[in-house]
Amino acid sequence: MDEQRRLSYLARMGVHAWQPRTDEHDGAAASPLEMPPAVPPQAPPATLEPARPRPAPRAPEPPPVPMPPPCAPSSSEPAPFTERTVAPRAPAPEPPADDLFAPAASAAVPAVATMDWEQLARAVHGCRGCALHETRQHSVFGSGARNARLMLIGEAPGADEDRQGEPFVGRAGQLLTRMLAAIGLAREEVFIANVLKCRPPGNRDPHPEEMARCEGYLQRQIALIEPTLILSLGRISAQHLLNTDVSVGRLRGRWFEVGDARIPLRVTYHPAYLLRSPAQKAKSWEDLSAVARRLRETERK
Numbered sequence: 001m002d003e004q005r006r007l008s009y010l011a012r013m014g015v016h017a018w019q020p021r022t023d024e025h026d027g028a029a030a031s032p033l034e035m036p037p038a039v040p041p042q043a044p045p046a047t048l049e050p051a052r053p054r055p056a057p058r059a060p061e062p063p064p065v066p067m068p069p070p071c072a073p074s075s076s077e078p079a080p081f082t083e084r085t086v087a088p089r090a091p092a093p094e095p096p097a098d099d100l101f102a103p104a105a106s107a108a109v110p111a112v113a114t115m116d117w118e119q120l121a122r123a124v125h126g127c128r129g130c131a132l133h134e135t136r137q138h139s140v141f142g143s144g145a146r147n148a149r150l151m152l153i154g155e156a157p158g159a160d161e162d163r164q165g166e167p168f169v170g171r172a173g174q175l176l177t178r179m180l181a182a183i184g185l186a187r188e189e190v191f192i193a194n195v196l197k198c199r200p201p202g203n204r205d206p207h208p209e210e211m212a213r214c215e216g217y218l219q220r221q222i223a224l225i226e227p228t229l230i231l232s233l234g235r236i237s238a239q240h241l242l243n244t245d246v247s248v249g250r251l252r253g254r255w256f257e258v259g260d261a262r263i264p265l266r267v268t269y270h271p272a273y274l275l276r277s278p279a280q281k282a283k284s285w286e287d288l289s290a291v292a293r294r295l296r297e298t299e300r301k
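Residue numbers are given in UniProt numbering: position 27 of the sequence shown equals residue 27, and the series is strictly consecutive.
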């Protein structure tokens, strides 16, 4: 192989062979140690990518909001409840005329606190003071003697009461009838009402604003009847009438006085609760016996 072909192959392989050269001064061949270092082959130029747009500068983050100090833990045990006279509750604002009666009724609506029995019954049956009138079948005004010495107050109508428009007509009402008979009273001798005059959907607990709307009706019933005693049936009724959140178990067994007339009030379990917890019937019998004794004492006076 001639020298030119050998050098060509070596160049293609990237090998630069050393060739002797003649020194400019003396013509001697240069030593391999005096050769300039071989220059490595250069890589092909990289393909330039188009410039990417720079992201917009981020807005500075707001300084952290200091957290308020933690509240002191509250005790789950309610404050002791002592026997006392309960001040009358402030009356709810009077609904406008078209909230009390159907559109066909007279626009001259008297204040609830001045209504007679017929006006009060019409007001309750035509009331649209809250959303419960949209789901009720009947409002439940109450039933019994309008001069009763004993007034019983429950929480709200149930499904049976909503269908019939009468209070305590289901299984709980049947038990209440037997409870009254045990102390020598018939249903016709007492007056039975509820804190709420319409059934809450699904028998849920009444909302505070719903009870506030019915407050004037209940207070007017109490004022018209002027009962000697009031028997509160269940948690909702007792806590509303006494303006407290104490449980029935701690409220029962003592006397309270409510309203300007200072009417004695006793608390006992709701008959529906007694159907679920028959072991508590003995305590309800104690409450009923105390009511019967108080009625006999006041009758002798």
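No residue lacks a Cβ here, since even glycine has one placed at the ideal position from N, Cα and C.
Where does residue i land, buried or exposed, given buried means 16+ other C-beta within 10 angstroms?
i      : result
Pro278 : exposed
Gly154 : buried
Gly158 : buried
Gln221 : buried
Asp162 : buried
Arg213 : buried
Ala172 : buried
Among the options, which residue has its Cα nearest to the Cα of residue i?
i      : options                           : result
Glu189 : Gly154, Leu196, Thr177 and Cys198 : Thr177
Arg146 : Asp162, Pro110, Arg136 and Ala121 : Ala121
Ser237 : Glu134, His125 and Met151         : Met151
Phe191 : Leu218, Arg171, Ala172 and Cys214 : Leu218
His240 : Gly249, Ser289 and Asn194         : Asn194
Leu224 : Pro110, Ser8, Gln4 and Thr114     : Thr114
Can you give the Cα-Cα distance for residue i and residue j, rounded to whole angstroms?
i      : j      : result
Ser74  : Leu251 : The predicted model places Ser74 with a pLDDT of 41, which falls under 50 and marks its position as unreliable; any figure quoted below should be read in that light. About 22 Å.
Thr298 : Thr228 : 8 Å
Asp205 : Leu295 : 31 Å
Tyr273 : Gly234 : 8 Å
Ala181 : Gln119 : 32 Å
Ala196 : Val291 : This sequence places Leu at residue 196; Ala is not what is there. Rounded to the nearest angstrom, the two C-alpha atoms are 24 Å apart.
Gly129 : Thr135 : 13 Å
Trp285 : Ser143 : 23 Å
Thr186 : Val169 : Looking at the sequence itself, residue 186 is Ala, so the reference to Thr does not match. Those two C-alpha atoms are separated by around 14 Å.
Under three-state DSSP, which class holds residue i?
i      : result
Asn203 : helix
Ser232 : strand
Ala193 : strand
Pro264 : strand
Should residue i be counted as a contact of the ligand NAD given a C-beta to heavy atom distance under 7 Å?
i      : result
Arg171 : The ligand NAD is not part of the structure shown, which contains no ligands of any sort.
From which residue to which residue does the alpha helix (DSSP H) around residue i run?
i           : result
Arg220      : Pro208 to Ile225
residue 312 : Residue 312 lies beyond the residue range present for the chain, which begins at 1 and ends at 301; the question has no answer from this structure.
Which residues bound the beta strand (DSSP E) around residue i?
i      : result
Arg250 : No beta strand (DSSP E) holds Arg250; the alpha helix (DSSP H) holding it covers Val248 to Leu251.
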